[in-house]
Each structure stands twice: as C-alpha cells, then as structure tokens.
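A quick write-up on the structure given underneath.
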Amino acid sequence: MPPPPGGPYDGRLPTEVNGLTIRVLVKNNEPLEKTLRRLRKICNNEGITRDLKRSAYYEKPSERRRRKERERIKNLRKAEKPEKE
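This note's numbering applies: residue 5 is where the sequence shown begins, and numbers increase by one.
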C-alpha cells in the first residue's frame, strides 16, 4: 500500500466503510495475508460485510419489513434459548 499523501506511512491498513474507518495495525514480520484475515474478521464481527452485501442491490420496502421482522423473531428466540453449560 503506498504511503498517504502528505504524511508518513504508519504501518496501518485503513478501511473506510459508510463513514467508519477501521484500522488494523500491521505487526512486525507479519504476513499481509494474516493482516487481511484479521481485517476481514473485524468486518464480519461488526456486520459491515453483511451490510455491504445487502446494500449491493435495491431492497423493496416490503422485503425490508419482512427481513427486519425475521431478524426480530430470530433475536427473540435466541434470547429465550437457555444457555448451555
């Protein structure tokens, strides 16, 4: 990755999504593949990947309501489910 204009390269890979900037610090002697894997894991945990895929196509308002209702029911069932010991 080339250094940003007007400033020194600080060893981080910035990613901007919907106004959010996610930075992954590149550790000493760490391969780029491992750094990218950590970035993908952060994006998946934050739900950024899912949001990008969902916004890739137009979603009709009726489909959006149905999806949100399904997610609400899923979260309710998940909350009611007893914890495994």
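Just so you know, even glycine gets a beta-carbon here, dropped at the ideal spot from N, CA and C.
All values derive from a computational prediction rather than experimental measurement.
A distance below 7 Å between beta-carbons, with the five flanking residues on each side excluded, links alanine 83 to no residue of its chain. For the 8 Å CB-CB criterion, threonine 53 and cysteine 47 form a contact. For valine 28, the enclosing beta strand (DSSP E) begins and ends at 24-29.
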